[in-house]
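Below is one structure, written out as structure tokens, with a few remarks after it.
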Amino acid sequence: MTWQKLLRHETILALLTVLALVVLASQSDKFFTLDNLLNQGRLMTEVGLIAVIMTFVIITGGIDLSVGSILGLVAVLLGVFWKNMGLPLPVAIGLGLMVGTLAGLINGLIITRFRVPPLIATLGTLALYRGIAEGISEARSVRGYPDWFFVLGQGQFWGVPVQLWILGVVTLVAAIILGTTVWGRGVYAVGHNETAARFSGLQADRIKLAIYAASGFAAALAAVIFVSRVSTTRSDMGTGIELDAITAVVLGGTSIFGGRGTIIGTILGLILIQALKNGLSLAGIKSDGTIVLIGAVLILTILLSNLFHRNGNR
Amino acid sequence: MTTDHAPAFVAKRTGLVRFISTYGQEVVIAGAIIALFVLVSMVSPRFLSANNLNTIISGNAYIAVAAIGMSMIIITGHIDVSVGALIGVLATISGTLATAGYPVWIAWTLPILIGVGINAIVGALVAYGRIPSIVVTLGMLSILRGGLVSITGGAWINDLPPDFHLAQQRLLDIPIPIWFMVVLTVGAFLWMRHTAFGRSLFAIGGNIEAARASGIPVERRVVQVFMIHGAFAGLATVLFATQLRIIQSTVPPNLELTIITAAVIGGVSILGGTGTVIGSTLAAILFSAIGSAMIFINVSPYWLRAVIGVLILITVLIDMARRVREQRSAKR
Amino acid sequence: MLRTSLAVLAILSLSTSLVQAQSAWTGGDDLPTSPLACDGTPATPVAKPYDGGMTTNAPDRNGKPITVVDVPKLIGIGYFDATSKGIAEAAAELGNMTATTDGPTEANIDDQITLIDNYITKGVDGILFAANDPVAIAPVLKKALAAGINVVGYDANSEPDARQWFVNQAEFNGIAKSLIDSLVAETGADASFAIVTSTFTTPNQARWIAEMAAYAAACHPGLKWLETVEAQEDNILSFNQANTLINKYGDDLKGIVGMTSVATPAAADAVTQAGKCGSIAVVGLATPNAMKPYVASDCVKSVVLWNPVDLGYVAAHVLRAVADGTLKPGDTTVKAGKLGELSVINGSEILVGAPFVFNKGNIEGFDF
Numbered sequence: 004m005t006w007q008k009l010l011r012h013e014t015i016l017a018l019l020t021v022l023a024l025v026v027l028a029s030q031s032d033k034f035f036t037l038d039n040l041l042n043q044g045r046l047m048t049e050v051g052l053i054a055v056i057m058t059f060v061i062i063t064g065g066i067d068l069s070v071g072s073i074l075g076l077v078a079v080l081l082g083v084f085w086k087n088m089g090l091p092l093p094v095a096i097g098l099g100l101m102v103g104t105l106a107g108l109i110n111g112l113i114i115t116r117f118r119v120p121p122l123i124a125t126l127g128t129l130a131l132y133r134g135i136a137e138g139i140s141e142a143r144s145v146r147g148y149p150d151w152f153f154v155l156g157q158g159q160f161w162g163v164p165v166q167l168w169i170l171g172v173v174t175l176v177a178a179i180i181l182g183t184t185v186w187g188r189g190v191y192a193v194g195h196n197e198t199a200a201r202f203s204g205l206q207a208d209r210i211k212l213a214i215y216a217a218s219g220f221a222a223a224l225a226a227v228i229f230v231s232r233v234s235t236t237r238s239d240m241g242t243g244i245e246l247d248a249i250t251a252v253v254l255g256g257t258s259i260f261g262g263r264g265t266i267i268g269t270i271l272g273l274i275l276i277q278a279l280k281n282g283l284s285l286a287g288i289k290s291d292g293t294i295v296l297i298g299a300v301l302i303l304t305i306l307l308s309n310l311f312h313r314n315g316n317r
Numbered sequence: 002m003t004t005d006h007a008p009a010f011v012a013k014r015t016g017l018v019r020f021i022s023t024y025g026q027e028v029v030i031a032g033a034i035i036a037l038f039v040l041v042s043m044v045s046p047r048f049l050s051a052n053n054l055n056t057i058i059s060g061n062a063y064i065a066v067a068a069i070g071m072s073m074i075i076i077t078g079h080i081d082v083s084v085g086a087l088i089g090v091l092a093t094i095s096g097t098l099a100t101a102g103y104p105v106w107i108a109w110t111l112p113i114l115i116g117v118g119i120n121a122i123v124g125a126l127v128a129y130g131r132i133p134s135i136v137v138t139l140g141m142l143s144i145l146r147g148g149l150v151s152i153t154g155g156a157w158i159n160d161l162p163p164d165f166h167l168a169q170q171r172l173l174d175i176p177i178p179i180w181f182m183v184v185l186t187v188g189a190f191l192w193m194r195h196t197a198f199g200r201s202l203f204a205i206g207g208n209i210e211a212a213r214a215s216g217i218p219v220e221r222r223v224v225q226v227f228m229i230h231g232a233f234a235g236l237a238t239v240l241f242a243t244q245l246r247i248i249q250s251t252v253p254p255n256l257e258l259t260i261i262t263a264a265v266i267g268g269v270s271i272l273g274g275t276g277t278v279i280g281s282t283l284a285a286i287l288f289s290a291i292g293s294a295m296i297f298i299n300v301s302p303y304w305l306r307a308v309i310g311v312l313i314l315i316t317v318l319i320d321m322a323r324r325v326r327e328q329r330s331a332k333r
Numbered sequence: 051m052l053r054t055s056l057a058v059l060a061i062l063s064l065s066t067s068l069v070q071a072q073s074a075w076t077g078g079d080d081l082p083t084s085p086l087a088c089d090g091t092p093a094t095p096v097a098k099p100y101d102g103g104m105t106t107n108a109p110d111r112n113g114k115p116i117t118v119v120d121v122p123k124l125i126g127i128g129y130f131d132a133t134s135k136g137i138a139e140a141a142a143e144l145g146n147m148t149a150t151t152d153g154p155t156e157a158n159i160d161d162q163i164t165l166i167d168n169y170i171t172k173g174v175d176g177i178l179f180a181a182n183d184p185v186a187i188a189p190v191l192k193k194a195l196a197a198g199i200n201v202v203g204y205d206a207n208s209e210p211d212a213r214q215w216f217v218n219q220a221e222f223n224g225i226a227k228s229l230i231d232s233l234v235a236e237t238g239a240d241a242s243f244a245i246v247t248s249t250f251t252t253p254n255q256a257r258w259i260a261e262m263a264a265y266a267a268a269c270h271p272g273l274k275w276l277e278t279v280e281a282q283e284d285n286i287l288s289f290n291q292a293n294t295l296i297n298k299y300g301d302d303l304k305g306i307v308g309m310t311s312v313a314t315p316a317a318a319d320a321v322t323q324a325g326k327c328g329s330i331a332v333v334g335l336a337t338p339n340a341m342k343p344y345v346a347s348d349c350v351k352s353v354v355l356w357n358p359v360d361l362g363y364v365a366a367h368v369l370r371a372v373a374d375g376t377l378k379p380g381d382t383t384v385k386a387g388k389l390g391e392l393s394v395i396n397g398s399e400i401l402v403g404a405p406f407v408f409n410k411g412n413i414e415g416f417d418f
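Respectively, the protein sequence lines represent chains A, B and C.
Each position in the first sequence, counted from 1, maps to that position plus 3 in the working numbering.
Each position in the second sequence, counted from 1, maps to that position plus 1 in the working numbering.
Each position in the third sequence, counted from 1, maps to that position plus 50 in the working numbering.
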């Protein structure tokens with residue numbers, strides 16, 4: 004193991020995150036409390052779920068801009084299935100998750116069958132899915148959900164917010180699949196060199212279909228948790244969440260050109276961004292200043308990481 | 002993975018066929034615009050009135066102008082998600098200069114130079130810092146958006162001098178924004194096609210190693226392309242800021258998505274290497290025509306965005322179908 | 051395969067484009083409406099018990115210095131710039147209140163919730179808010195109440211039990227009456243008009259549109275609503291949408307109503323540039339500064355709004371009164387500094403006043 008391996012992006016990011024945590028904790032005694040940290044975990048769950056699967060998407064050299072719109076669509080449908088069609092809420096949740104997965108699958112089909120570049124395909128479905136959400140909802144919100152439903156977004160289990168358990172499980176499963184399985188190596192192979200991957204017998208299209216469907220599922224799951232957290236549905240929910248998720252993924256060291264990236268990097272990226280948002284706010288910096296700093300941190304982190312990998316190990 | 006225009010077989014063909022296979026996407030979009038105009042004017046003849054054409058084309062010319070620079074960025078294999086925020090910042094600078102008593106030509110041109118300067122930094126970070134452009138511009142998006150609010154506190158600019166409003170002027174009875182759009186589109190198209198510099202953009206986007214091997218100074222070119230893109234963003238700002246008697250000192254919502262969509266639907270391959278700015282300008286016109294048409298044919302406004310999404314996908318799929326057919330006939 | 055999917059998409063697009071606008075005014079919500087009497091007789095106030103929330107274990111703040119955070123829907127627009135000026139003015143006048151304004155840079159429900167959550171952790175004495183969504187913001191506001199923080203809303207309400215008091219700039223039905231009456235005064239009672247709004251999901255705008263429909267139906271049945279278009283909070287889009295309406299309806303269009311301080315000046319600019327001043331009336335909600343050029347050129351006769359500086363000023367005074375314990379559930383009035391006694395309505399709302407109509411005679415006297 005050379006020193007260069009030690010200084011891989013994730014290590015640099017982890018050091019930066021620790022540094023940020025220490026500095027932020029010194030600025031406000033409210034920052035490094037268990038309550039606050041768990042609460043921040045609650046707030047980052049929706050972006051986190053989407054970002055974890057987005058890591059797979061970007062490793063294959065793709066991108067999914069439609070996740071925010073899928074979130075909005077599933078949120079609206081959840082309300083419509085439950086209130087307007089009178090289905091039991093668990094059934095409505097199940098159907099919502101299915102619709103989200105289907106929406107992701109459609110992205111995958113457009114990308115693999117018609118060979119539409121992912122950015123264009125998901126730009127199109129970004130407009131389409133949000134449009135369907137707006138059309139179906141006609142700007143009406145659905146509220147008045149039963150109390151048990153709020154456990155998902157507002158409750159706790161063993162002292163930890165319920166949705167943080169979900170994020171934990173999804174992250175763990177995703178990390179194991181990506182890091183240790185043959186299928187996970189296939190994901191990297193597709194992103195590294197798709198033609199070579201095809202020649203070596205990998206079913207690149209199947210891998211991609213599964214990943215885009217999973218991305219839709221993650222957005223749908225985020226929608227259910229979001230609705231439970233804020234107790235209402237709106238067709239504009241999740242607007243712009245795709246950029247937050249992509250920011251976390253690329254900050255985490257996943258190469259936008261495909262072939263490189265890890266789940267742990269994405270999680271570190273998420274934690275750093277959330278810690279900055281929260282910690283700077285507690286330290287008395289307003290939100291406009293905070294987003295300026297987050298932008299600067301994003302650029303500087305990747306720049307720093309590149310300086311250590313001068314030979315282009317991107 | 003892409004099925005791009007394969008120049009090898011294009012060369013064997015002649016006349017119309019060659020034209021269509023080279024400018025396939027432009028033809029598809031121009032066809033879509035004509036079809037839309039014909040169909041909607043059958044429902045409502047006023048759609049084709051001079052005033053409405055002016056609203057459709059002139060009112061959105063700034064998007065087409067910004068999409069020219071964006072097309073060059075994408076053709077070179079990069080992307081810029083901060084352009085909407087940049088236009089918001091430059092518009093505020095322009096308005097501030099005008100109300101501070103500077104001559105209007107300074108208020109028009111200085112933002113263009115600032116746009117070039119900001120994007121020179123972005124380009125340098127991409128080319129020499131080796132940071133992917135989406136990362137730099139995501140960061141820049143945050144910095145510009147937050148910075149604008151921090152500095153202006155959200156105060157609008159409303160006491161602009163009367164001669165500031167360039168976009169409201171006409172030349173030979175044609176609105177200035179249309180002149181901007183046409184001249185810049187045609188100029189950029191010819192420049193990209195007929196100069197060594199312009200052609201090098203396609204080479205870099207197509208195959209960066211081959212471009213380097215053939216002696217193109219890749220890094221310098223990337224910085225230069227970002228600077229040119231900044232200039233187009235500045236020109237778009239001139240139209241954007243001088244349209245109304247008020248400048249809203251905030252970042253226009255989703256403007257970057259509209260501009261990127263116009264460029265990619267216009268046939269600029271997101272993988273770099275192919276595309277023209279004629280296509281992106283046509284796509285910008287198509288979008289604003291769709292928006293206007295939806296109002297004219299009484300589509301429920303709740304379903305407006307869904308219909309636009311479907312139309313985008315249809316345009317993309319028709320183009321893909323065309324390319325697949327082309328490839329098959331080339332194999333035969 | 052390709053051809054069939056294209057056919058499916060084409061059919062889908064056709065079927066969606068056949069979904070026609072409905073007969074009810076698009077953009078209104080479906081909550082019950084309460085139109086005012088046509089001649090302006092004030093409605094008899096219905097006594098309603100206090101329905102606001104309660105803090106848990108709030109410390110005694112009577113007369114003590116307090117820190118307050120003001121979280122508007124978004125920062126960076128003239129309107130909330132003005133409300134935060136009013137809050138700062140009241141804080142300076144009171145002397146024992148430190149107020150800062152911090153909000154999301156876009157009107158995003160989640161960013162606003164996260165921000166409030168951070169301030170609860172940081173530990174403030176009071177929160178002033180203007181909600182992006184009345185229901186979505188409720189859980190975090192309840193958390194603030196449970197932490198002993200005084201919570202007062204202004205401009206855009208939350209669920210009543212998620213805050214203690216709400217400072218109401220002017221009632222929805224009052225705004226609706228002002229807008230429709232101003233429109234009719236210019237166009238006559240049988241005119242056709244269209245509406246430019248921000249988005250259909252914005253609760254205040256949806257409420258005003260619904261109340262306008264109810265008031266117009268009761269008092270000006272000849273008035274014909276043509277359609278409502280969305281224009282986000284984007285002035286160029288508002289301008290283009292207003293132009294499209296002018297082009298579509300030609301001489302049939304007699305008026306445009308702008309529902310936001312972005313849409314109204316843009317619509318006025320569209321009418322000016324189309325040379326239709328005098329034949330198309332523009333009325334709407336807007337801040338006076340943005341409307342001065344159009345009022346000065348006689349293209350716009352009346353602009354409806356309350357004074358947002360006063361709104362922020364009252365909100366800060368109400369928060370101080372709640373913290374001091376001088377405003378309690380069941381009270382019917384509250385003292386708000388230079389604005390004097392204001393009355394409590396709807397159980398837990400403080401009414402600042404009737405909507406104000408700016409015109410050529412008075413608009414120069416306002417700077418916000």
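Where a beta carbon is used, it is the ideal one built from N, C-alpha and C, also for glycine.
Source: prediction; values computed, not measured.
L303(C): member of the beta strand (DSSP E) spanning L303 to G308, first to last residue. In this structure W258(C) is in contact with F222(C), their Cβ atoms being roughly 6 Å apart against a cut-off of 8 Å. Burial state of L114(B) is exposed, judged by a 10 Å Cβ sphere holding fewer than 16 other Cβ atoms.
Under the three-state reduction of DSSP output, P218(B) falls in the coil class, being neither helix nor strand.
For S293(B), the closest alpha carbon among the candidates N55(B), I175(B) and S143(B) is that of N55(B). With respect to chain B, the C-beta atom of L167(A) has no partner C-beta closer than 7 Å.
Contact check for T184(A) against V79(A) fails: the beta carbons are separated by 7 Å or more. Under the 10 Å beta carbon count, L46(A) is surrounded by 16 or more other beta carbons and is classified as buried.
In its chain, beyond the 5 residues on either side, L377 and V384 have a beta carbon closer than 6 Å to the beta carbon of A371(C).
The beta strand (DSSP E) runs of length 3 or more contained entirely in the stretch 70–129 of chain C are, from start to end of the chain, 116–121. The DSSP assignment places 253–269 as complete runs of the alpha helix (DSSP H) inside the stretch 240–275 of chain C, in order along the chain (cut-off: 4 residues).
In the structure shown, I400(C) adopts extended strand secondary structure according to DSSP, grouped into three states. Using a 10 angstroms sphere on the CB of A226(C), the tally of other CB atoms reaches 16 or more, which defines it as buried. Taking C-beta atoms under 8 Å as the contact rule, A226(A) and L74(A) qualify, at a distance of about 5 Å. Sorting M104(C), A268(C) and N146(C) by C-alpha distance to the C-alpha of L191(C) places M104(C) at the top.
Around G148(B), no beta-carbon contact reaches into chain C at under 8 Å, the shortest distance being about 10 Å. Contact of N158(C) with chain A by beta-carbon distance below 9 Å involves D239, T242 and G243. Going by DSSP, F406(C) is part of the beta strand (DSSP E) stretching over F406 to F408. Comparing C-alpha distances from I261(B) to each of Q26(B), I80(B), I35(B) and S42(B) shows the shortest one belongs to I80(B). Here the stretch 115–127 of chain C makes no contact with the stretch 210–220 of chain A; the two share fewer than three CB pairs at distances below 8 Å.
If you look at F181(B), you'll find it in the alpha helix (DSSP H) that goes I177 to H195. At a cut-off of 7 Å between C-beta atoms, I74(B) does not count as an interface residue with respect to chain A. Closest in C-alpha terms to S234(A), from the list E209(C), I330(C) and K274(C), comes E209(C). The C-beta of I330(C) has 16 or more other C-beta atoms within 10 Å across all chains shown, which makes the residue buried. For the pair V345(C) and K410(C), the CB atoms are nearer than the 7 Å cut-off. Around the beta carbon of S393(C), fewer than 16 other beta carbons lie within 10 angstroms, which makes this residue exposed. Burial is judged here by how many other beta carbons sit within 10 angstroms of a residue's own beta carbon; S29(A) has fewer than 16 and is exposed. In this structure, T150(C) lies away from V121(C), with their beta-carbon atoms at least 7 Å apart.
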